[in-house]
Amino acid sequence: MGGTPSRLVVRVTVGDTWTSAPMETSADVPIATVKAQALAGARIPASNAPAYELKFGGALVRDESRTLGEVGVRSGASLVVLARRRRPVR
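Right, dumping it as structure tokens:
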């Protein structure tokens, strides 16, 4: 492969709002960056980012310093950003 990172279009859903949005990115972007961009799009303050986790293929991505490419994300994939702790229903 050449020196240009692979371009990806992924769909990211934020659980607090259940809004889903396409995100154009590249395979060399860290998971933490994708999570931060998704939270910003849902108008969730960046200071709250540690309270959220990202899942790919139903599995938690524990190491958010890994890139999308390292995790195996391909164009068209769906990612979900959820609160780390469950919240009571009122």
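When you number the sequence shown by my numbering, it's gap-free, plus one each residue, and the end is 94. Glycine residues also receive a C-beta, built at the ideal position from the N, C-alpha and C atoms.
Cβ-Cβ distances below 7 Å link S10 to S30, A31, G73 in the same chain, with the five nearest sequence neighbours on each side left out; the list follows chain order.
Close CB contacts of V38 within its chain, under the 8 Å cut and outside five residues either way in sequence, are with V14, V16, M27, T29, L58, L72, L83 (chain order). DSSP lists T71 as the beta-bridge partner residues of P34. A straight-line Cα-Cα distance of about 11 Å links P54 and R89. In this structure, the beta-carbon distance from S69 to P34 falls below 8 Å.
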